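J.: If you count the sequence shown from 1, position 242 lands on 454 in our numbering, and the numbers rise without skipping.
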Amino acid sequence: MPHTLTPPHPTTTRTSATELDRQVRRLYRLAYHANRRRRTLTNPNASAHAVTAAITRLARVLAAAERLLTMPGVAEHEETPYARSFLTAAERQLNAPSTRLLLIADAAHQAAAHADTADNDLHVIVFRDIEQHCRHLVDTAHVEPVLGRRGWPRRDHAASDHLQQQAAQWGLTSHTEHPTMPPHQPTDHPAVPTHLVRQAAERAAARARCAAGIRCTECHRTYGAVQVNLPGTWLCTDCIPTVNARLTARGYAPHVRPIDGGTPQHGPYTVHVWNGSGRGGVSLHCDTPQRAQFLAETERPFNNTGYTIYLADRTRE
Ligand SMILES: [Zn+2]
Numbered sequence: 213m214p215h216t217l218t219p220p221h222p223t224t225t226r227t228s229a230t231e232l233d234r235q236v237r238r239l240y241r242l243a244y245h246a247n248r249r250r251r252t253l254t255n256p257n258a259s260a261h262a263v264t265a266a267i268t269r270l271a272r273v274l275a276a277a278e279r280l281l282t283m284p285g286v287a288e289h290e291e292t293p294y295a296r297s298f299l300t301a302a303e304r305q306l307n308a309p310s311t312r313l314l315l316i317a318d319a320a321h322q323a324a325a326h327a328d329t330a331d332n333d334l335h336v337i338v339f340r341d342i343e344q345h346c347r348h349l350v351d352t353a354h355v356e357p358v359l360g361r362r363g364w365p366r367r368d369h370a371a372s373d374h375l376q377q378q379a380a381q382w383g384l385t386s387h388t389e390h391p392t393m394p395p396h397q398p399t400d401h402p403a404v405p406t407h408l409v410r411q412a413a414e415r416a417a418a419r420a421r422c423a424a425g426i427r428c429t430e431c432h433r434t435y436g437a438v439q440v441n442l443p444g445t446w447l448c449t450d451c452i453p454t455v456n457a458r459l460t461a462r463g464y465a466p467h468v469r470p471i472d473g474g475t476p477q478h479g480p481y482t483v484h485v486w487n488g489s490g491r492g493g494v495s496l497h498c499d500t501p502q503r504a505q506f507l508a509e510t511e512r513p514f515n516n517t518g519y520t521i522y523l524a525d526r527t528r529e
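(1) Would you kindly check if the distance between the Cβ of R249 and the Cβ of L270 is under 9 Å?
(2) Does DSSP classify H478 as helix, strand or coil?
(3) Can you find a heavy atom of ligand 1 that lies under 8 Å from the Cβ of L375?
(4) In the structure shown, what three-state DSSP assignment does N456 receive?
(5) Can you tell me the Cα-Cα spacing of V559 and S489, whole angstroms?
(6) Please determine if the segment 273-289 and the segment 367-386 are in contact, where contact requires at least 3 C-beta pairs separated by less than 8 Å.
(7) Pick helix, strand or coil for C428, following the three-state DSSP scheme.
(8) Just curious, the beta strand (DSSP E) that H497 is in, first and last residue?
(9) Considering only their Cβ atoms, is the gap separating T460 from L447 smaller than 9 Å?
(10) Taking 8 Å as the limit between beta carbons, can you name the residues of its chain near I452, skipping five residues before and five after?
(11) Let me make sure I understand the geometry here. Which of C431, R238 and G473 has the alpha-carbon closest to that of V455?
(12) Which same chain residues end up closer than 6 Å to V438 when comparing Cβ atoms and leaving out the 5 residues on each side of it in sequence?
(13) Roughly how many angstroms lie between the CA atoms of E288 and E231, to the nearest whole one?
(14) With a CB to CB cut of under 6 Å and the five nearest residues on each side skipped, what residues in its chain are close to V350?
(15) Taking the beta carbon of T329 as the centre, do at least 16 other beta carbons fall within 10 Å, making it buried, or is it exposed?
(16) Rounded to the nearest angstrom, how far is the Cβ of L523 from that of G479, given a contact under 8 Å?
(17) Cβ-heavy atom distance between L447 and ligand 1 below 8 Å?
(18) Pop quiz: L408 and A320 are said to be a contact at Cβ under 8 Å. What is the actual Cβ separation, rounded to whole angstroms?
(19) Given the structure, does D318 come close to ligand 1, in the sense that its CB is under 8 Å from one of the ligand's heavy atoms?
(20) Ends of the alpha helix (DSSP H) at L507?
(21) What whole-angstrom Cβ distance do T292 and V336 have, given they're in contact under 8 Å?
(22) Please name the residue or residues paired with Q439 in a DSSP beta bridge.
(23) With burial defined as no fewer than 16 other Cβ atoms inside 10 Å of the residue's Cβ, what is the status of A403: buried or exposed?
(24) Report the three-state DSSP secondary structure of L523 (helix, strand or coil).
(25) Which partner residues does T292 have in the DSSP bridge list?
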């Protein structure tokens, strides 16, 4: 729903200077409040909760400011234009496509999580792609009058229109109006670009590979490895003697062996995904060795992502 700041009705009512000053100060409070809420709507990583709260509060603040501006003398006050510039920017942001994209991004995020639970790899890939594109466009869309950035070039507008259309086809936009409702599963899917179909196939292949469990950290080939008494090490039956032989050759007296109960079917497991060429890392949690290996092979947030799998509950050792 669009909000407009209507010009005041001309009036001859006399208002005391004190009263007028009080009203202008109130207008400034509203303007600064509107500006804080506006900034939430330009943050590409704003949570759905923050976005919906900002939308609701912003609508109220703008309505209050609109009422204030119709009061005698307020609109004509010499300090009003500056306050009004914040209100106009907030109003523009409230109605901006990027605000709709933020809501779509969150709906897509939830739909992807839902699809992941249902092992629907195509939907995971498609919804994550939509979320990523939405957040990227929000990032480039900031209307920052101070910095002279005036929103998108034409091709970004086209991309935004396309994303909103896509989101509607995938049933993500009805969700954006009712954030508590689960996304409905449309039966008539739009065509999926080839590169996403390929990514979904790769994800499905990883899921199939990981059905045997954790991959051996020695040969990197065999799945279904067990945890041994070396930190962060999971070995297949062939590699246990290999590692023992290598350590013996180096002068150690190893006794590398599987840890009793070290590879439980119901974890909890932690997968630490780290940046191989810099700083940063993310810990993911799951219940089974299959899921742990699957996360290790499919969650690649860095260009050069490495991973370590371990049992979250160390007392089980
Ligand atoms: Zn092995």
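For each residue, glycine too, the CB sits at the ideal point set by N, CA and C.
Keep in mind that this is a model prediction, so the values were computed, not measured.
T.: On the basis of the supplied data:
(1) yes
(2) coil
(3) no
(4) helix
(5) Since the first and last residues shown for the chain are 213 and 529, residue 559 lies out of range.
(6) no
(7) coil
(8) G493 to C498
(9) no
(10) V440, V468, R469 and P470
(11) C431
(12) P470 and T475
(13) 14 Å
(14) P256, S310, L313 and L314
(15) exposed
(16) 7 Å
(17) yes
(18) No, L408 and A320 are not in contact; Cβ-Cβ is about 13 Å, not under 8 Å.
(19) no
(20) P501 to T510
(21) About 51 Å; that fails the 8 Å criterion.
(22) W446
(23) exposed
(24) strand
(25) For T292, which the question treats as bridged, DSSP gives no partner whatsoever.
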